[in-house]
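In what follows, a structure is listed as structure tokens, so that the remarks can point back to it.
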Amino acid sequence: MPHSNSPRLVLGIDGGATSTVALLAEADTGREVGRGVGGPSNINAVGIDPSLRALDEAVAAAFAVAGRPRRAAAAAALGLAGVDLAGTDVIRGWAERANLADRVSIANDATLLFAAGTPDGWGLAVVAGTGSIAFALDQQGNAARAGGWGYLLGDEGSAYRTGLLAIRAACRSADGVAPPTKLLPALMDRFDVSDPREIIPVVYGSGWDKAAIAGLAPAVLELAPDDQAAAAIVDEQALELAKTAAGAIATGRLPPHDIPIALTGGMFLRSEPFRTQFLDHLKLYDVTPGPVGLVEDPAVGAIAIARKLLEPR
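Okay, here's the thing in structure tokens:
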């Protein structure tokens with residue numbers, strides 16, 4: 336049993352299609368005391384059992400890093416990709432069985448961005464990572480979304496879509512039906528092949544899954560300044576993502592001018608040109624950005640939400 340003078344602890348969990356991060360922090364100060372990482376926890380992408388294992392793994396690792404026995408936290412906030420569409424009851428059931436916390440909040444991972452990346456906890460939040468989604472949240476707490484359809488139906492502006500379009504552009508160039516592009520030799524080198532046709536068995540038969548294809552996006556972003564095909568892909572994806580974001584704002588009926596914006600995901604965090612193109616393209620849809628916050632660590636927003644759960648009601 337913990338000593339009576341031990342500080343109360345809160346948990347903040349950020350779960351997505353690539354990994355899950357759990358932060359353990361002191362409730363009174365927000366000081367991080369432990370951080371754990373697990374596998375992907377998007378139920379729609381990997382299924383229930385792998386998602387729950389990833390959550391449990393991340394939480395256990397956070398307590399281990401903190402050097403403390405695992406016990407119920409005073410509060411926990413979970414921001415999980417896809418959970419607003421399905422799985423909330425499943426996650427809540429796991430939290431109860433795992434004795435996760437006395438108070439628990441479960442929402443889509445985009446909610447963490449408002450807490451971590453906007454001045455007053457409302458505005459526009461856009462994720463451009465392996466997948467993509469845009470959320471709008473007004474000052475009364477009413478939310479709207481656009482995107483988040485997954486890699487088969489959408490994910491415009493995502494790393495996956497960028498990587499996939501790069502492969503397609505390289506193949507079309509190899510066929511001679513599109514102009515030469517630096518994407519072709521770059522991807523052949525990445526796939527470790529000497530003939531373009533050898534790309535086929537690599538992509539279809541050797542584990543090149545969604546995450547692996549998304550991992551090609553940094554190369555596309557790097558080539559964009561000097562390659563027409565790469566530049567066209569990046570600009571198109573920035574435009575499509577801006578269109579998605581504008582849709583969330585319109586659906587949520589937020590005032591489109593000087594709107595606070597929180598951005599996260601590798602496409603935004605690792606590429607200032609992509610970020611600038613996205614913000615510029617918003618103006619085509621009569622949206623003018625206000626303060627823009629880059630969120631390197633969405634789990635920090637989860638800690639802020641968890642601490643608020645402990646405020647007097």
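Read in order, the letters of the sequence shown are residues 336 to 648 in our numbering.
Where is the CB? At the ideal position from N, CA and C, for every residue including glycine.
Fair warning: this is a prediction, and the values are worked out from it, not measured in the lab.
Burial state of residue i, where buried means 16 or more other Cβ atoms lie within 10 Å
i: H616; result: buried
i: E631; result: exposed
i: N443; result: buried
i: E431; result: exposed
i: E491; result: buried
i: G485; result: buried
i: Y539; result: exposed
i: S541; result: exposed
i: V555; result: buried
i: V323; result: Residue coverage of the chain in this structure runs from 336 to 648, which leaves residue 323 outside it and unanswerable.
i: K618; result: exposed
i: I535; result: exposed
i: R496; result: buried
i: D371; result: Note that residue 371 is Gly in the sequence shown here, rather than Asp. Under this definition G371 is a buried residue.
i: S386; result: buried
i: P515; result: exposed
CB of residue i within 7 Å of CB of residue j, strictly
i: A397; j: S440; result: no
i: A410; j: V345; result: yes
i: A577; j: F613; result: yes
i: A451; j: V635; result: yes
i: L681; j: G347; result: Past the boundaries of the shown model lies residue 681; the chain is included only from 336 to 648, so the question cannot be answered.
i: I568; j: L487; result: no
Residues that residue i bridges to, as DSSP identifies them
i: D349; result: V356, G414
i: A639; result: Per DSSP, none; premise fails for A639.
i: G456; result: In the DSSP output, where bridge partners are listed per residue, G456 has none listed.
i: A442; result: G414
i: L472; result: G458, A478
Can you give, in chain order, each stretch of the beta strand (DSSP E) that sits fully within the region 353-432 and has at least 3 residues? With a minimum length of 3 residues, the unbroken runs of beta strand (DSSP E) contained wholly in the region 353-432 fall at 355-361, 367-373, 408-415.
Does the region 518-530 come into contact with the region 571-580, if we say contact requires no fewer than three beta-carbon pairs (one atom in each stretch) closer than 8 Å? The region 518-530 is not in contact with the region 571-580.
Touch check for the region 549-567 and the region 587-599: three-plus C-beta pairs under 8 Å? Flag = no, the region 549-567 and the region 587-599 do not touch.
Which runs of the beta strand (DSSP E) at least 3 residues long sit entirely within the region 557-637? Give them in chain order. Runs of the beta strand (DSSP E) inside the region 557-637: 592-599, 623-629.
Which complete alpha helix (DSSP H) runs does the region 480-561 hold, if anything under 4 residues is left out? As far as the region 480-561 is concerned, its whole alpha helix (DSSP H) runs of at least 4 residues are 494-509, 518-526, 534-540, 545-549, 552-558.
Pairing CB atoms from the region 465-472 with CB atoms from the region 489-503, are three or more of them under 8 Å? Taking a cut-off of 8 Å for Cβ pairs, the region 465-472 and the region 489-503 touch, as three or more such pairs fall below it.
Cβ contact (3+ pairs, closer than 8 Å) linking the region 454-464 and the region 580-595: Three or more Cβ pairs drawn from the region 454-464 and the region 580-595 lie within less than 8 Å of each other, which places the two stretches in contact.
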